[in-house]
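A quick write-up on the structure given underneath.
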Amino acid sequence: MRPTDVSPFIGAISAIRLSNYNSYFSAVDHQDLYACYQWNGELSRSFLPLIHLVEVALRNAYHRALSAHYSQVHTGVRSDSYRWYLHTNFVRNSQKSLEKAANGAANLPTAKPDDIVSKQTFGFWTNILAEPLTPWGVVLGSVFPNTTKSWVHGRNRDFLTCRKRLINDLRNRISHWEPVWKQPDLMEERILRTGSSPLRVYAPATTNPAESIARLQLIHDRTVSLLEMMNRDLSNAYKDSYSYEHFVWVCSEAGLESFRGYERRKQMSMTNAKRSFSSIMASKSILTVTNGKTRVRIQPLG
Numbered sequence: 001m002r003p004t005d006v007s008p009f010i011g012a013i014s015a016i017r018l019s020n021y022n023s024y025f026s027a028v029d030h031q032d033l034y035a036c037y038q039w040n041g042e043l044s045r046s047f048l049p050l051i052h053l054v055e056v057a058l059r060n061a062y063h064r065a066l067s068a069h070y071s072q073v074h075t076g077v078r079s080d081s082y083r084w085y086l087h088t089n090f091v092r093n094s095q096k097s098l099e100k101a102a103n104g105a106a107n108l109p110t111a112k113p114d115d116i117v118s119k120q121t122f123g124f125w126t127n128i129l130a131e132p133l134t135p136w137g138v139v140l141g142s143v144f145p146n147t148t149k150s151w152v153h154g155r156n157r158d159f160l161t162c163r164k165r166l167i168n169d170l171r172n173r174i175s176h177w178e179p180v181w182k183q184p185d186l187m188e189e190r191i192l193r194t195g196s197s198p199l200r201v202y203a204p205a206t207t208n209p210a211e212s213i214a215r216l217q218l219i220h221d222r223t224v225s226l227l228e229m230m231n232r233d234l235s236n237a238y239k240d241s242y243s244y245e246h247f248v249w250v251c252s253e254a255g256l257e258s259f260r261g262y263e264r265r266k267q268m269s270m271t272n273a274k275r276s277f278s279s280i281m282a283s284k285s286i287l288t289v290t291n292g293k294t295r296v297r298i299q300p301l302g
């Protein structure tokens, strides 16, 4: 929520960081500049519920599928929670991550598999298809049951890795408090391999707020699509949630303009609020309404 005097915040934020906002959004004054900074923060926060859903769903889906496969192979009995990572050949960073979760390589064979899996980062699952011993053409069908893609084909597995990298890159940008509106070239969802043609630019780097909004809407749509490939019910539940509605509003030109056109009303009686409700709805602005000691924030959803 924006204070009446933004100068302490402007002074505390680095000049270099704010200069990027100033030029990109063509801010007219400090109030406008701070509004754009606020919008980026709210936009970042509005992405997190979806990213968290995907991260948890991805982790659990991989764990169940890999447990089922490797438990059947090595014990003859299918299990939803098995030490499948003892039968794989991960790259060094991924292997070290597993060992760290067990407090040392010596403890990995006896540690509870659920504990080990729960401590793996999004990056671990993003790069898991680089593991060479797992028959991914079979296992991925259980991880992503709601798609007609054949995971036997390497190009489809590369698409999947690229999609996860897109989401993980945004997750990292948000966690490091970097501006999410600043988006680089978006490349086609293909991995460059020896002998393959150069990657095609699907969409060039964003140069203005409208392009940033369109790019982030696209990333959101691709993230929802990945969630739906794993769990259609969970995807539908998300699209029926406040989190979805809030993102759709924040990640729009109307949402940005609401932040830039913010109003603060120190007092508004219940009677006046009722009389002004239609105009408040039409304005699509963020309003702070006070009634005695009660303060209410009115925020549009679309």
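Here the sequence shown is numbered in UniProt numbering, starting from 1 and rising by one per residue. Note that the Cβ used here is the ideal one computed from N, Cα and C, for glycine as well. Predicted model only: the values in this text are computed from it and were never measured.
Asked, Found
"Limits of the unbroken alpha helix (DSSP H) element including Ala101", "Arg92 to Ala101"
"Residues near Glu42 in its chain [Cβ-Cβ closer than 6 Å; skip 5 each side]", "Val250"
"Identified DSSP bridge partners for Ala203", "Leu186"
"C-alpha gap between Val6 and Ser19, whole angstroms", "16 Å"
"Delimiting residues of the alpha helix (DSSP H) encompassing Gly123", "Phe122 to Thr126"
"The region 205–216 contacting the region 166–181, beta-carbon criterion three pairs below 8 Å", "yes"
"Segment limits, alpha helix (DSSP H) that includes Leu58", "His30 to Thr75"
"Endpoints, the alpha helix (DSSP H) within which Lys89 is located", "Note on identity: in this sequence residue 89 is Asn, with Lys being the wrong assignment. That residue, Asn89, is in no alpha helix (DSSP H); it is neither H nor E in DSSP."
"Spatial distance of Asn236 from Glu228 (CA atoms)", "8 Å"
"Beta-carbon proximity list for Arg265, same chain, < 8 Å, skipping 5 on both sides", "In this prediction, Arg265 has a pLDDT of 44, which is less than 50 and means its spatial position is unreliable; nothing more can be read from the coordinates."
"Supposed contact pair Leu86 and Val139 - C-beta distance, whole angstroms, cut 8 Å", "That belief does not hold up - the Cβ atoms of Val139 and Leu86 are roughly 16 Å apart, past 8 Å."
"Where Val289 sits in the DSSP three-state scheme", "strand"
"Asn172 burial status per 10 Å Cβ neighbour count (16 or more: buried)", "exposed"
"Short Cβ contact (8 Å threshold) for Asn89 with Glu131", "yes"
"Proximity below 8 Å, CB of Ile174 to CB of Ser44", "yes"
"Paired residues, beta bridge with Thr294 - DSSP", "Asn291"
"Among Glu253, Arg83 and Leu53, the one whose alpha carbon lies nearest that of Met230", "Leu53"
"Collapsed DSSP secondary structure at Ile213 in the structure displayed", "helix"
"Outcome for Gly255 when other beta-carbon atoms lying within 10 angstroms are tallied against a minimum of 16", "buried"
"Separation of Val201 from Glu189, as counted between CA atoms", "10 Å"
"Beta-carbon contacts of Glu253 that lie in its chain and below 8 Å, excluding the five residues immediately before and after", "Pro209, Ala210 and Ile213"
"Rounded separation between Thr157 and Arg17 - CA only", "According to the sequence shown, residue 157 is Arg rather than Thr. Rounded to the nearest angstrom, the two C-alpha atoms are 38 Å apart."
"Sequence-distant residues of the same chain with beta carbon closer than 6 Å to Phe47, five excluded per side", "none"
"For Arg265, three-class secondary structure by DSSP", "Residue confidence is low: Arg265 scores 44 on pLDDT, short of 50, so the model does not pin down where it sits. Its coordinate-derived value is still stated next. Looking at Arg265 - three-state DSSP - the assignment turns out to be coil, as it is neither helix nor strand."
"The alpha helix (DSSP H) enclosing Tyr244, as first and last residue numbers", "Tyr242 to Val250"
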